[in-house]
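Note that the working numbering has the sequence shown beginning at 6, numbered continuously upward. Every residue gets a Cβ at the ideal spot worked out from N, C-alpha and C, and that includes glycine. Since this is a predicted model, take the numbers as computed values, not measurements.
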Amino acid sequence: MTPYDAIPGQGPQALTDGFGRAVTYLRVSVTDRCDLRCVYCMAEHMTFLPKAEVLTLEELDRIASAFVALGTRKLRITGGEPLVRKGVLGLIGSLGRHLSSGALEELTLTTNATRLAEFAGQLADAGVRRINVSLDTLKPDLFRRLTRGGDLAKVVAGIEAAQAAGLRVKINAVALKDDNAAELPELIAWAHGRGCDMTLIETMPMGEVEADRTDQYLSLTALRAELESFWTLRDIPLSTGGPARYVEVAETGGRLGFITPLSHNFCEACNRVRLTCTGTLHTCLGQDDASDLRAVIRAGASAEDLVEAIRLAVAGKPRGHDFRIARAAAPAVARHMSTTGG
Ligand code: SAM
Ligand code: SF4
Numbered sequence: 006m007t008p009y010d011a012i013p014g015q016g017p018q019a020l021t022d023g024f025g026r027a028v029t030y031l032r033v034s035v036t037d038r039c040d041l042r043c044v045y046c047m048a049e050h051m052t053f054l055p056k057a058e059v060l061t062l063e064e065l066d067r068i069a070s071a072f073v074a075l076g077t078r079k080l081r082i083t084g085g086e087p088l089v090r091k092g093v094l095g096l097i098g099s100l101g102r103h104l105s106s107g108a109l110e111e112l113t114l115t116t117n118a119t120r121l122a123e124f125a126g127q128l129a130d131a132g133v134r135r136i137n138v139s140l141d142t143l144k145p146d147l148f149r150r151l152t153r154g155g156d157l158a159k160v161v162a163g164i165e166a167a168q169a170a171g172l173r174v175k176i177n178a179v180a181l182k183d184d185n186a187a188e189l190p191e192l193i194a195w196a197h198g199r200g201c202d203m204t205l206i207e208t209m210p211m212g213e214v215e216a217d218r219t220d221q222y223l224s225l226t227a228l229r230a231e232l233e234s235f236w237t238l239r240d241i242p243l244s245t246g247g248p249a250r251y252v253e254v255a256e257t258g259g260r261l262g263f264i265t266p267l268s269h270n271f272c273e274a275c276n277r278v279r280l281t282c283t284g285t286l287h288t289c290l291g292q293d294d295a296s297d298l299r300a301v302i303r304a305g306a307s308a309e310d311l312v313e314a315i316r317l318a319v320a321g322k323p324r325g326h327d328f329r330i331a332r333a334a335a336p337a338v339a340r341h342m343s344t345t346g347g
């Protein structure tokens with residue numbers, strides 16, 4: 006129980022930005038660290054944050070709970086790799102109280118699944134029902150190269166353990182022109198064959214990495230056209246309030262989402278904001294806006310002060326992003342996806 010569990014008068018959808026969009030979805034990055042180094046996400050040699058800069062689990066709980074009091078209905082725990090953060094299952098278990106109270110509709114997680122086999126049961130016990138697993142290839146060698154050292158077998162075992170624990174798994178893959186483009190139909194069929202939805206993501210220009218993103222970028226509009234040359238794709242109105250547009254693949258019976266930040270801008274219906282593990286609130290993935298909630302709470306803020314700081318930050322949410330991929334261009338934002346929380 007935190008003071009936010011009892012703030013009176015904070016009804017659902019109480020958080021609204023300057024363009025009238027209700028903010029009801031918070032992503033919380035619990036660490037900038039990861040046991041993998043995906044080539045599009047991290048540089049090979051990353052400098053990670055010192056512990057003192059990272060919010061404690063109690064501080065993360067406090068801020069997330071303040072959002073719930075302000076009408077947040079969906080919380081996604083992410084990173085870095087959330088399951089490498091020590092004690093993260095305690096945090097997730099504690100946030101589960103908002104599910105029990107009815108304040109929160111969904112508590113979920115995005116993970117690379119390397120440690121999922123170990124934690125799947127505890128996640129289910131905490132009230133998590135669905136998770137996203139990032140997986141770009143089924144080829145062990147390519148997986149090792151793309152993740153700079155990862156073991157595909159662990160990820161597959163993690164997915165199987167999650168399903169055995171009753172969790173629904175959605176597979177997310179970043180579409181990479183040279184690396185996995187040709188394999189994507191097989192990956193989609195594999196996911197659908199296991200009862201998993203699948204979402205494809207265009208590479209986003211976030212943070213400096215070694216590779217040139219012009220080389221990696223694959224337009225999902227073009228990929229969709231290619232898939233339609235051998236599959237029947239039917240648009241479905243499934244809305245997660247997020248950027249993905251979904252189709253059903255008649256031949257596999259599964260659902261496929263396309264997240265197209267570059268070939269299609271999706272900001273008009275954006276309902277989400279992101280909290281980094283250092284307590285910085287980013288109200289847009291593709292802009293440099295930032296509010297320091299760590300400074301607010303470490304200065305001894307009351308529950309009401311924190312709520313006010315959150316309201317102020319959300320009021321300034323930008324209209325949208327302007328991602329572009331150009332050869333040798335600087336990233337749209339300097340921070341990496343692993344810092345912001347994908
Ligand atoms: N480590 C966890 C994982 O990989 O699922 C959670 C964090 S990761 C940053 C979240 C998602 O961001 C992953 O699906 C990853 O593929 C995606 N991602 C990372 N960098 C990206 C980029 N530059 N463009 C598009 N997606 C990216
Ligand atoms: Fe780690 Fe996820 Fe980034 Fe890959 S995408 S390096 S698994 S944080």
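- Within a 10 Å sphere around the beta-carbon of H50 sit fewer than 16 other beta-carbons, which makes this residue exposed.
- For T226, the enclosing alpha helix (DSSP H) starts and ends at L225 to L232.
- With contacts defined as CB atoms closer than 8 Å, R42 and T152 qualify as a contacting pair.
- In the three-state scheme derived from DSSP, where H, G and I count as helix and E and B as strand, G262 is classed as strand.
- Put simply, the segment 142-150 does not touch the segment 90-98. Fewer than three CB pairs are less than 8 Å apart.
- Annotated three-state conformation of S70 is helix, per DSSP.
- E111: member of the beta strand (DSSP E) spanning E111 to T116, first to last residue.
- Not one heavy atom of the ligand SF4 falls within 7 Å of the beta-carbon of R135.
- T52 is the residue among A27, T29, R32 and T52 whose C-alpha sits nearest the C-alpha of C39.
- Pairing E191 with D184, the inter-Cα distance amounts to about 14 Å.
- It is roughly 20 Å from the alpha-carbon of I302 to the alpha-carbon of G321.
- Between L80 and L31, the beta carbon gap of about 5 Å places them in contact (Cβ cut-off 8 Å).
- For K159, no beta strand (DSSP E) segment is defined; the enclosing uninterrupted segment is the alpha helix (DSSP H) at L157 to A169.
- In the structure shown, H50 falls within a coil segment according to DSSP collapsed to helix, strand and coil.
- Of all alpha-carbon atoms in G284, L243 and T226, the one lying nearest the alpha-carbon of I315 is that of G284.
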